[in-house]
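S.K.:
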Amino acid sequence: MTGRCKEMIKMLLMTSLTGSLISLGIILLKNGLVKKFGGTWYYHICLLALLLFIVPLQVNVSGLTPQQTVIAERAPVQQDALTGTAAPSLADTIPAAAAQMAVNRLLPVPDVEQCLLGIWTAGFVFMVGRYLSSYYRFKRQVTQNRPVDKVENLDVVVSDYVRSPMLIGFLHPKIVIPQTEISEYDYQLALRHELTHHTSRDAWFKLGAVLVNCLHWFNPLTYLVVQNISEACEYACDEKVTQNMDGEEKRRYSNMILNFAAPISPALSSSLAKNKKQLYRRFELIMKIRTKGRKFWGTLLAAVMMVASVTTTSLVFAEDLKPLSQFGGAFVTHYNWSRTLEDNVLSTLDMLSDIKGGFRWKVSSTPGTTYIDVNGRKIDTYNRTEPYYGVEKEWKEKKSAIATMTTQTLSIEGKEVTVAFADQAAAYQDDKVIEKMIRNQITFELSYHDDHFDYDHQAFINQLISRGAYVINEVVTPENFKTVEFSRRNGDFVGMKILTQFDKKDKITDIYNQKTVIPKNIDGRQGAQLGDSFGIGKGESLAIDIKETTDKMPKVNWAIIDVTTGQTADWIPGALGGYRFIYTPREAYVNHTFKVIMSGRESDTANIEIFTYRTGAGQSQQTDK
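FYI, the numbering for the sequence shown is 8 to 632, going by our numbering.
#1: In angstroms with no decimal places, state the Cα-to-Cα distance between V573 and M358.
#2: For the beta strand (DSSP E) holding F131, just list the boundary residues, first then last.
#3: I need the boundaries of the alpha helix (DSSP H) containing T249, first residue and last residue.
#4: Who are G397's beta bridge partners in DSSP?
#5: Please check the pair V352 and L471, which I expect to be a contact at CB under 8 Å, by giving their CB distance rounded to whole angstroms.
#6: Among R391, G397, T411, S473, which has the Cα closest to the Cα of K422?
#7: Select from H599, V440, E555, K554 the residue whose C-alpha is nearest the C-alpha of I567.
#8: Leaving out the 5 sequence neighbours to the left and right, which residues in its chain are closer than 6 Å to I236 when beta-carbon positions are compared?
#9: Roughly how many angstroms lie between the CA atoms of L506 and Y586, to the nearest whole one?
#10: Find out if the Cβ-Cβ distance for the pair G531, W578 is shorter than 7 Å.
#11: In terms of alpha-carbon separation, which member of L537, Y378, W402 lies closest to E393?
#12: For E349, count the other beta carbons within 10 Å of its own beta carbon; 16 or more makes it buried, fewer makes it exposed. Which is it?
#13: Going by DSSP in three states, N614 sits in which element: helix, strand or coil?
#14: Please tell me whether K405 and A476 are closer than 7 Å, where the distance is taken between their beta carbons.
#15: CA-CA distance, F133 and C221?
#16: Checking the sheet assignment: what are the DSSP bridge partners for A7?
#17: So, helix, strand or coil for F460, using DSSP?
#18: What does the Cβ neighbour count give for N382, buried or exposed, with the cut at 16 atoms within 10 Å?
#19: Closer than 7 Å by C-beta to G546: which residues in its own chain qualify, once you throw out the five before and the five after it? Chain order, please.
#20: Roughly how many angstroms lie between the CA atoms of D631 and M503, to the nearest whole one?
#21: What does the alpha-carbon distance come out to for the pair Y389 and G607?
#22: Looking only at its own chain, which residues have a Cβ that is under 6 Å from the Cβ of Q186, when we skip the five neighbours before and after it?
#23: Would you check if there are 3 or more beta carbon pairs closer than 8 Å linking the stretch 145-162 to the stretch 179-199?
#24: Which residue marks the beginning of the alpha helix (DSSP H) containing T203, and which one marks its end?
#25: Applying the criterion that 16 or more other CB atoms from any shown protein chain within 10 Å of the CB defines a buried residue, is S27 buried or exposed?
#26: If you draw a straight line from the alpha carbon of V232 to that of F225, how long is it in whole angstroms?
Below is the structure:
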């Protein structure tokens, strides 16, 4: 519950700030904007800004989020069967969690988020009640008399309680005319004005402004926004009524408004005339000659405002990156703790080394392709953001790297790091994401310490920086990611591919697609069936997209059961989120009936999609390097 409360509060603050900044700019520039682009455009841009109080517009603004403090985790780990990366032991985490829960029960701490949400809810209910009670009391008062006229299905009533013609009501609106002498010409103009409000559905737009004010009752600017919407509404209405009038007709229309100038009416009504402070600007607009080209420039300005709002929201409320750690986006160069420091340096740099009787060996620093996100962080068990690049990299002896590759020097934590780019990666020597990756790794490694083995990692990495070069061998973009084959038996194919926006679906059978609770069971074959049983035809493959899992349960155990034979077609324990797992049956098993079973190491939620698709371009069964 606390997490939801926090998210709601965050969204309220985010939308309140964004809407306020844009609306304040619109209000401060009111005179210039109205004169330049007209009343109708200004009204629409005010309504558009009103949406920013409701809809949180946010994008990832690359390169503007500051780098986080490097923190190395101190926890026992177990090896991941698929990736070779380490993950925390479940046995070590459960007791700690249970202890924390016990402490929380003994020492209850007030939930600040829930208190704040409760205060906001009370304020919202109060504001809604205040507006509605005031509105309906006023409506009952001014519409109590019998109609004296009817215009386009709208009743016209006369009231002693109003000084200006107005439109009031939502489902069954009425036009209210003050009890005063009025010429037939002014009467028709007043009716025309209120009918324009009715056809433009202005009452509903004002209701939207009031609801925004209720939602953000704690923000003083929203009260000003409601007033400004009401004023802009009159500008737009005047513009529509007078668009085909000549100069004399416009003067008579302005005089009619002046005669009805009145104090401010309730927010949920559309009054013909407000207070006299607004009248001068209205008369100016009414008499103004329309110019061409406003539509283009007005649209451009609106687009600029929207971009500004998105950028503002993204910068102010950008998600903080998780601290770099061995299990959350950091790279660690491997170290053979049974060998000496010098042996490890020489082997890591791929330098020829005679080790005890002429035996040569090499420590592999990064086996295969590793994937990074837009922040240059390794995608692993605890960092499952969308991949930006697949990278092959390693440490090489500095002299040979400089002689054969494109190199540059980066200053990181007071160290001069030589970075080399092989021919296949030369185009990325100025790439900011690659640079972030390098800085992340070097910064982390300079502070990293392995609690399980007694060796000096700082001395190790300092030697690598001094004697070696950080080599980028190849950079692969998401559209070129390949399927990794990890099992092939008698014609069956089982593989996996990291999920990206470029992955085709081309569904034939939609089996399952939702966020679900995975039951606790370390054996996927004994878990819960997701979706109905299905068949896989000739030329078809099964796709299991594990889009997202929680940190509580970062891995999923799954099995594909051949219902026809009763055998397990395949079983994968510890499957990671962010991957598509692929199964293509051998020819003898085509048209068999299958089902997918899943479980987790503990009961938790996961976002999963299962479907069959036709094998073809974009779904090739190639093996990654």
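Glycine included, C-beta positions come from ideal geometry on N, C-alpha and C.
M.R.: Answer, in terms of the structure:
#1: Counting from 1 along the sequence shown, the entry for residue 573 is found at position 566. Counting from 1 along the sequence shown, the entry for residue 358 is found at position 351. A quick correction: the sequence has Gly, not Val, at residue 573. Roughly 54 Å separates the two Cα atoms.
#2: Position 124 of the sequence shown holds residue 131. No beta strand (DSSP E) contains F131, which is instead part of the alpha helix (DSSP H) from 119-149.
#3: Within the sequence shown, numbered from 1, the residue matching residue 249 stands at position 242. Here the alpha helix (DSSP H) through T249 covers 228-249.
#4: For the purposes of this step, residue 397 is identified with residue 390 of the sequence shown, where counting begins at 1. Note: G397 sits in a beta bridge opposite Y378, V483.
#5: As a first step, residue 352 is located in the sequence shown; it is residue number 345 there, counting from the start. As a first step, residue 471 is located in the sequence shown; it is residue number 464 there, counting from the start. Yes, V352 and L471 are in contact; Cβ-Cβ is about 6 Å, under 8 Å.
#6: Here residue 422 is taken as the residue at index 415 of the sequence shown, counted from 1. Considering only alpha carbons, the answer is S473.
#7: Residue numbering aside, residue 567 sits at position 560 when the sequence shown is read from its first letter. The shortest C-alpha separation from I567 is found at H599.
#8: For this step, residue 236 is matched to residue 229 along the sequence shown. Closer than 6 Å at Cβ, skipping near neighbours: C53, A216.
#9: For this step, residue 506 is matched to residue 499 along the sequence shown. For this step, residue 586 is matched to residue 579 along the sequence shown. Roughly 5 Å between the two C-alpha positions.
#10: For the purposes of this step, residue 531 is taken as residue 524 along the sequence shown, with counting starting at 1. For the purposes of this step, residue 578 is taken as residue 571 along the sequence shown, with counting starting at 1. Their beta carbons are under 7 Å apart, which means G531 touches W578 by this criterion.
#11: Position 386 of the sequence shown, counting from 1, holds the residue named residue 393. Selected option, being the one with the closest Cα: Y378.
#12: If you number the sequence shown from 1, residue 349 lands on position 342. Flag for E349 reads exposed.
#13: Here residue 614 refers to the residue found at position 607 when the sequence shown is read from its first residue. Strand.
#14: Sequence index remark: in the sequence shown, residue 405 carries index 398 (1-based). Sequence index remark: in the sequence shown, residue 476 carries index 469 (1-based). Against a cut-off of 7 Å, the Cβ pair of A476 and K405 comes out as a contact.
#15: Taking the sequence shown and counting its residues from 1, the one referred to as residue 133 is at position 126. Taking the sequence shown and counting its residues from 1, the one referred to as residue 221 is at position 214. Approximately 8 Å between the Cα atoms of the pair.
#16: For the chain, the structure presents residues 8 to 632; residue 7 sits outside this window and is missing.
#17: Position 453 of the sequence shown, counting from 1, holds the residue named residue 460. Here F460 sits in coil by DSSP.
#18: The residue you call residue 382 lines up with position 375 of the sequence shown. Flag for N382 reads buried.
#19: Within the sequence shown, residue 546 is the residue found at index 539, counting from 1. Here the set comprises R621, T622.
#20: Here the question's residue 631 lines up with position 624 in the sequence shown. Here the question's residue 503 lines up with position 496 in the sequence shown. Only weak support is given to the placement of D631: the predicted model assigns it a pLDDT of 41, under 50, and the value that follows is read from those uncertain coordinates. One C-alpha to the other measures close to 10 Å.
#21: The sequence position of residue 389 within the sequence shown is 382, counting from 1. The sequence position of residue 607 within the sequence shown is 600, counting from 1. Roughly 16 Å between the two C-alpha positions.
#22: Working through the sequence shown from its first residue, we reach residue 186 at position 179. For Q186, where only same-chain residues beyond five positions count, the Cβ hits under 6 Å are V165, D167.
#23: yes
#24: The residue you call residue 203 lines up with position 196 of the sequence shown. Residues 191-206.
#25: Mapped onto the sequence shown, residue 27 falls at position 20. By the 10 Å Cβ count, S27 comes out buried.
#26: Indexing the sequence shown from 1 puts residue 232 at position 225. Indexing the sequence shown from 1 puts residue 225 at position 218. C-alpha separation (whole angstroms): 13 Å.
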